[in-house]
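Number of protein chains: 2
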Amino acid sequence: MASSLGHFACHGSPAAASPTPSLLGRFSPDFCALAALRPIRPAAAGAKPPRDATTSTEQEQQEQEQQLASSWRGAYEEPSPSPSVSSTEAQDPSALRVGIIGFGNFGQFIARGIQRQGHAVLATSRSDYSEYCSAHGIRFFRSLEALCEEQPDVLLVCSSILSTESVVRATPLAKLRPDTIVADVLSVKQFPRNLLLEILPPEFGIVCTHPMFGPESGKHGWSKLPFVYDKVRVAEEGGQKAKCDRFLSIFEQEGCRMVEMTCAEHDRHAAGSQFITHTIGRVLAQLNLQSTPINTKGYETLLQLTENTVSDSFDLYYGLFMYNVNATEQMDKLDRAFDDVKQMLYGRLHGVLRKQIVERVPMPGAPSSRSREGRESPAANTQETKPLSPSPCHTFSTVAFSTAKC
Amino acid sequence: MASSLGHFACHGSPAAASPTPSLLGRFSPDFCALAALRPIRPAAAGAKPPRDATTSTEQEQQEQEQQLASSWRGAYEEPSPSPSVSSTEAQDPSALRVGIIGFGNFGQFIARGIQRQGHAVLATSRSDYSEYCSAHGIRFFRSLEALCEEQPDVLLVCSSILSTESVVRATPLAKLRPDTIVADVLSVKQFPRNLLLEILPPEFGIVCTHPMFGPESGKHGWSKLPFVYDKVRVAEEGGQKAKCDRFLSIFEQEGCRMVEMTCAEHDRHAAGSQFITHTIGRVLAQLNLQSTPINTKGYETLLQLTENTVSDSFDLYYGLFMYNVNATEQMDKLDRAFDDVKQMLYGRLHGVLRKQIVERVPMPGAPSSRSREGRESPAANTQETKPLSPSPCHTFSTVAFSTAKC
Numbered sequence: 003m004a005s006s007l008g009h010f011a012c013h014g015s016p017a018a019a020s021p022t023p024s025l026l027g028r029f030s031p032d033f034c035a036l037a038a039l040r041p042i043r044p045a046a047a048g049a050k051p052p053r054d055a056t057t058s059t060e061q062e063q064q065e066q067e068q069q070l071a072s073s074w075r076g077a078y079e080e081p082s083p084s085p086s087v088s089s090t091e092a093q094d095p096s097a098l099r100v101g102i103i104g105f106g107n108f109g110q111f112i113a114r115g116i117q118r119q120g121h122a123v124l125a126t127s128r129s130d131y132s133e134y135c136s137a138h139g140i141r142f143f144r145s146l147e148a149l150c151e152e153q154p155d156v157l158l159v160c161s162s163i164l165s166t167e168s169v170v171r172a173t174p175l176a177k178l179r180p181d182t183i184v185a186d187v188l189s190v191k192q193f194p195r196n197l198l199l200e201i202l203p204p205e206f207g208i209v210c211t212h213p214m215f216g217p218e219s220g221k222h223g224w225s226k227l228p229f230v231y232d233k234v235r236v237a238e239e240g241g242q243k244a245k246c247d248r249f250l251s252i253f254e255q256e257g258c259r260m261v262e263m264t265c266a267e268h269d270r271h272a273a274g275s276q277f278i279t280h281t282i283g284r285v286l287a288q289l290n291l292q293s294t295p296i297n298t299k300g301y302e303t304l305l306q307l308t309e310n311t312v313s314d315s316f317d318l319y320y321g322l323f324m325y326n327v328n329a330t331e332q333m334d335k336l337d338r339a340f341d342d343v344k345q346m347l348y349g350r351l352h353g354v355l356r357k358q359i360v361e362r363v364p365m366p367g368a369p370s371s372r373s374r375e376g377r378e379s380p381a382a383n384t385q386e387t388k389p390l391s392p393s394p395c396h397t398f399s400t401v402a403f404s405t406a407k408c
Numbered sequence: 003m004a005s006s007l008g009h010f011a012c013h014g015s016p017a018a019a020s021p022t023p024s025l026l027g028r029f030s031p032d033f034c035a036l037a038a039l040r041p042i043r044p045a046a047a048g049a050k051p052p053r054d055a056t057t058s059t060e061q062e063q064q065e066q067e068q069q070l071a072s073s074w075r076g077a078y079e080e081p082s083p084s085p086s087v088s089s090t091e092a093q094d095p096s097a098l099r100v101g102i103i104g105f106g107n108f109g110q111f112i113a114r115g116i117q118r119q120g121h122a123v124l125a126t127s128r129s130d131y132s133e134y135c136s137a138h139g140i141r142f143f144r145s146l147e148a149l150c151e152e153q154p155d156v157l158l159v160c161s162s163i164l165s166t167e168s169v170v171r172a173t174p175l176a177k178l179r180p181d182t183i184v185a186d187v188l189s190v191k192q193f194p195r196n197l198l199l200e201i202l203p204p205e206f207g208i209v210c211t212h213p214m215f216g217p218e219s220g221k222h223g224w225s226k227l228p229f230v231y232d233k234v235r236v237a238e239e240g241g242q243k244a245k246c247d248r249f250l251s252i253f254e255q256e257g258c259r260m261v262e263m264t265c266a267e268h269d270r271h272a273a274g275s276q277f278i279t280h281t282i283g284r285v286l287a288q289l290n291l292q293s294t295p296i297n298t299k300g301y302e303t304l305l306q307l308t309e310n311t312v313s314d315s316f317d318l319y320y321g322l323f324m325y326n327v328n329a330t331e332q333m334d335k336l337d338r339a340f341d342d343v344k345q346m347l348y349g350r351l352h353g354v355l356r357k358q359i360v361e362r363v364p365m366p367g368a369p370s371s372r373s374r375e376g377r378e379s380p381a382a383n384t385q386e387t388k389p390l391s392p393s394p395c396h397t398f399s400t401v402a403f404s405t406a407k408c
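As they're listed, the protein sequences go chains A and B.
At the far end of the first sequence sits residue 408, using the numbering used here, and the numbering has no gaps.
At the far end of the second sequence sits residue 408, using the numbering used here, and the numbering has no gaps.
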């Protein structure tokens, strides 16, 4: 850890003198610093089965990389690289060597696309994926330092939102080539953009991406699936631009719908869509919805959404909230929308009943006196006589009956 | 109207003396009486295109039958039946003659299934569907009285929740055979059950049903789609039982998944599923969700749900709320669930920040002094510097920065 931070510090100084301060977005995401205070969960045993398309992009990062950062401290004490398999890198001289940090389900998923496009994958992770890598022609490194010593063309951070800052800070940047491109795949984008701009030496390229799919939705190919990217800092001179284009072409060639937008724009869209989706899923999960014998198709979609949401960790949802500056605004809007709907229901009810009480409008359809008598009969079918739950309706119902005429 | 009500009054008395008061569920739905106070919308010009599966069952009833009740008063002044087409009733002597009240999109949709199973359909509606009926071998009647004079075996009420009571009360029951089966297709079931038990003569059969599908979800057939029914009152003697079985066999033969349950049980399930689904759709509609260039699949399902929900009238949603005694309880649960999620997010945030403020735990990842300086630079990239929206996060963020060390 000490040496890693040393490398960082060494690179940190030039970054401070970067001639492009305007790119830094100085109001950097406010909560990144809080990540380190979070308790770290125990490490997962290994790769997990694929999950839902909606959220799996983050979920894998979450599960695997949340622990990644904490483990670096120990792992990087190891002095020498120890790839678990011999190199099976692509022979094409224009092929990229992509080093993936965090090799859980999502990292593996992305690696398959990279390999399909003829590029080489190098990987490191807190957990030992050497066996998986051996079987898939990937060089696995037991430490981040070892991976960096291989000087990959692109360093692809596949860590969770909450652990990304620690992971990036622990990366021995001095071991990398100065024109390295660092990319990420987080579901929030302003945070990694500002973090990478702050931490990386100015020569490093920065490409922030968000594949809006995962192992489940992408299991039949990536065709038409949206891939968001922002070439945050790519030098026009030298080979960095070509490397960046080659990296992005992986996703283009796989058929993704390439969406270039700023990180800020992404976060605005994502808060109003992805975060809202997760929030609805979380709310429904709290309701403990059950399948019924009479599910409508609409209800089935909500059940599916709930299942997908809870299959992700709460940390992911928390990350979407904490690391997107637009999330609280969306939360407030959702709050107001729910209040509006309640107001429409109860307000209309109130209006109808007030009409009876104040304007003395009779209720032609109110239960007749004989049905009121029947209600007092011990022979009444109790199965069908569930009383109203406490609510404004209940409050008014007695009045409604008492004014009934029919 | 006067004569219709006269018939009703005539039948009403024997019903009061019914020997089966325990079936009446004397705590009849409390809000049925309020329907008549509602403003009546202008009549739709004609049949509307099919809509979503989730909700179309009610939507059609809503649109067409909301006006139906109000129109009876005028329409039923007509003294004589005037079928718009000559009878094309089925020749099979065991075929039923099913009279449908309310012949909008949903009534027509159900009629097609009835006809496919070899039964005859007679129809009446506020709007003039004589042309449609003429083209589809259905006898159309311009008044409810005229339809009843034909003495159908089954009277199928396809009206909206809000208008059903008025429709049933306006039906000239004396013109019908005493063993007539009256059935409904509402999305709530305790309300029509209790209403029909209260209003219909004791000899009349009562079958409450809820096809959990509509023109959209059922456009490729009804196979496997749930059909809920409750044989509320069917005489074992005489031909009523056989008629009821023949009526239900229509849906069974069409492939529906037949679900027999009490009306109370239906309403419990429906409040926790269908009503919740509509509520989520309504809340999302209030948010005015927009499609983004980066929709996830989960978000797409929410957009679809919203579209389906708002294609139904608010009256339908109001009906699901007002006429299901379990709806307010579900609304309260949803309210609490949303509060719980907010509490989990903001509570965790609060916990982290309190740790810094009270326990003075440093934040290793907080923005460095140079980035804070940069934030004050006029050259900062304003595109990326959207401030936090007003929220608890915002309240604490300044404190977080002020204690930052890195």
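From the three backbone atoms N, C-alpha and C, an ideal C-beta is built for every residue, glycine too.
Practice prompt. Name, please, each residue of chain A whose Cβ falls closer than 8 Å to the Cβ of B/Pro213.
Written response: Those do not exist, as B/Pro213 stays about 10 Å from chain A at its closest Cβ, beyond 8 Å.
Practice prompt. Please determine, among A/Thr330, A/Leu98, A/Leu289, the residue with the shortest C-alpha to C-alpha distance to B/Lys335.
Written response: Comparing Cα positions, the closest option is A/Leu289.
Item to complete: Could you pull the start and end residues of the alpha helix (DSSP H) that A/Arg179 belongs to?
Response: For A/Arg179, there is no enclosing alpha helix (DSSP H), as DSSP gives it neither H nor E.
Practice prompt. Pick helix, strand or coil for A/His212, following the three-state DSSP scheme.
Written response: Strand.
Discussion item. By the three-class DSSP mapping on this structure, what secondary structure does A/Thr294 have?
Written reply: In the three-state DSSP reduction, A/Thr294 falls in the coil class, being neither helix nor strand.
Discussion item. Less than 8 Å between the C-beta atoms of A/Lys344 and B/Met333, yes or no?
Written reply: Yes.
Worksheet item: Which ranges would you report for the alpha helix (DSSP H) in the segment 196-243 of chain B if only whole runs of at least 4 residues count?
Response: Runs of the alpha helix (DSSP H) inside the segment 196-243 of chain B: none found.
Fill in: The alpha helix (DSSP H) enclosing B/Ala113, as first and last residue numbers
Membership of B/Ala113 in the alpha helix (DSSP H) is indicated by the continuous run 107-118.
Worksheet item: How about B/Leu227 and B/Ala185: are their beta carbons less than 8 Å apart?
Response: No, Cβ-Cβ distance for B/Leu227 and B/Ala185 is not below 8 Å.
Discussion item. Measuring CB atoms only, is the segment 199-211 of chain B touching the segment 112-124 of chain B, in the sense that at least three cross pairs come out at less than 8 Å?
Written reply: Result no; under three Cβ-Cβ pairs closer than 8 Å.
Discussion item. Is there a C-beta anywhere in chain A that falls below 8 Å from the one on B/Leu157?
Written reply: At least 8 Å separates the CB of B/Leu157 from every CB of chain A.
Worksheet item: What's the gap between the Cα of B/Lys413 and the Cα of A/Trp224?
Response: Residue 413 of chain B is absent from the model: chain B starts at 3 and stops at 408.
Practice prompt. Would you please state the rounded distance, in angstroms, between the beta carbons of A/Val230 and A/Val190? I believe it to be under 8 Å.
Written response: The beta-carbon distance between A/Val230 and A/Val190, rounded to whole angstroms, is 11 Å. This is too long to meet the 8 Å contact definition.
Fill in: Euclidean distance between Cα positions of A/Tyr134 and A/Asn107
A/Tyr134 and A/Asn107 have their C-alpha atoms spaced approximately 11 Å apart.
Practice prompt. May I ask you to report which of helix, strand or coil DSSP gives B/Gly101?
Written response: Strand at B/Gly101.
Item to complete: Using a Cβ-Cβ cut-off of 8 Å, state whether A/Ile183 counts as contacting chain B.
Response: So, not an interface residue.
Worksheet entry | A/Ser96, buried or exposed, once every other Cβ within 10 Å from all chains shown has been counted against 16 | By the 10 Å Cβ count, A/Ser96 comes out exposed.
Discussion item. Please report whether the beta-carbon of B/Phe108 lies at a distance below 8 Å from any beta-carbon of chain A.
Written reply: Residue-level contact by beta carbon fails for B/Phe108 and chain A, as no gap is shorter than 8 Å.
Worksheet item: If A/Gly300 sits next to B/Leu307, beta carbons under 8 Å apart, how far is it from one beta carbon to the other, in whole angstroms?
Response: About 6 Å separates the beta carbons of A/Gly300 and B/Leu307, which is inside the 8 Å limit, making them a contact pair.
Discussion item. I'd like to check one pair, B/Ile201 with B/Cys160: are the Cβ atoms closer than 8 Å?
Written reply: Inclusion of B/Cys160 and B/Ile201 in the CB contact set at 8 Å is not warranted, their separation being larger than that value.
Discussion item. Among the candidates B/Arg195, B/Leu164, B/Phe105, whose CA atom is the shortest distance from the CA of B/Asp317?
Written reply: When each option's Cα is compared against that of B/Asp317, the closest is B/Leu164.
Discussion item. Quick test of the definition: if touching needs 3 or more C-beta pairs under 8 Å, does the segment 163-182 of chain A touch the segment 144-152 of chain A?
Written reply: Yes, they touch.
Discussion item. Which of the three DSSP states is assigned to B/Glu152 in this structure?
Written reply: Correct three-state label for B/Glu152: coil.
Worksheet entry | chain B contacts from the segment 267-288 of chain A (Cβ-Cβ distance under 9 Å) | Glu267, His268, Asp269, Arg270, His271, Ala272, Gly274, Ser275, Gln276, Ile278, Thr279, His280, Thr281, Ile282, Gly283, Arg284, Val285, Leu286, Ala287, Gln288: these are the residues of the segment 267-288 of chain A whose beta carbon lies less than 9 Å from some beta carbon of chain B, given in chain order.
Practice prompt. Compute the Euclidean distance between the alpha carbons of A/Ala266 and B/Ala339, then round it to the nearest angstrom.
Written response: Cα atoms of A/Ala266 and B/Ala339: separation of roughly 30 Å, rounded to the nearest angstrom.
Practice prompt. Select from the segment 294-313 of chain B all residues with a C-beta closer than 7 Å to any C-beta belonging to chain A, and list them in chain order.
Written response: Listed by position, the residues of the segment 294-313 of chain B near chain A (Cβ gap below 7 Å) are Thr294, Pro295, Ile296, Asn297, Thr298, Lys299, Gly300, Tyr301, Thr303, Leu304, Leu307, Asn310.
Discussion item. Quick check on the DSSP output: the alpha helix (DSSP H) that includes B/Glu256 runs from which residue to which?
Written reply: Counting along the chain, B/Glu256 falls outside any alpha helix (DSSP H), and DSSP gives it neither H nor E.
Worksheet item: Any Cβ of chain B within less than 8 Å of the Cβ of A/Arg356?
Response: Not closer than 8 Å to any Cβ of chain B, the Cβ of A/Arg356 fails to qualify, so no.
Worksheet item: Using the beta-carbon count (16 or more within 10 Å), is A/Ser275 buried or exposed?
Response: Of the other Cβ atoms in all chains shown, 16 or more fall within 10 Å of the Cβ of A/Ser275; this residue is therefore buried.
Worksheet entry | Alpha-carbon spacing of A/Ile112 relative to A/Val156, whole angstroms | Taken atom to atom, the span from the alpha-carbon of A/Ile112 to that of A/Val156 is near 13 Å.
Worksheet item: Are the beta-carbon atoms of B/Thr166 and B/Leu188 separated by less than 8 Å?
Response: At a Cβ-Cβ threshold of 8 Å, B/Thr166 and B/Leu188 count as neighbours.
Worksheet item: Among the residues of its own chain, which have a CB less than 7 Å from the CB of B/Ile116, if the five just before and after it don't count?
Response: Excluding residues within five positions, the ones whose Cβ falls inside 7 Å are Val100, Val123, Ile252.
Fill in: Contacts around A/Thr264, its chain only, beta-carbon distance under 7 Å, and the 5 residues preceding and following it disregarded
Cβ within range, chain order: Asp232.
Item to complete: Check the DSSP bridge columns for A/Ile183 and list the partner residues they point to.
Response: According to DSSP, which records beta bridges pairwise, A/Ile183 is partnered with A/Val156, A/Gly207.
Worksheet entry | Contact with chain A by B/Pro204, beta-carbon distance below 8 Å | Chain A contact via Cβ: absent.
Worksheet item: Of all the alpha helix (DSSP H) runs that stay within the bounds of the segment 301-335 of chain A, which reach a length of 4 or more residues?
Response: Assignment of alpha helix (DSSP H) within the segment 301-335 of chain A, counting only whole runs of 4 or more residues, yields 316-324 in chain order.
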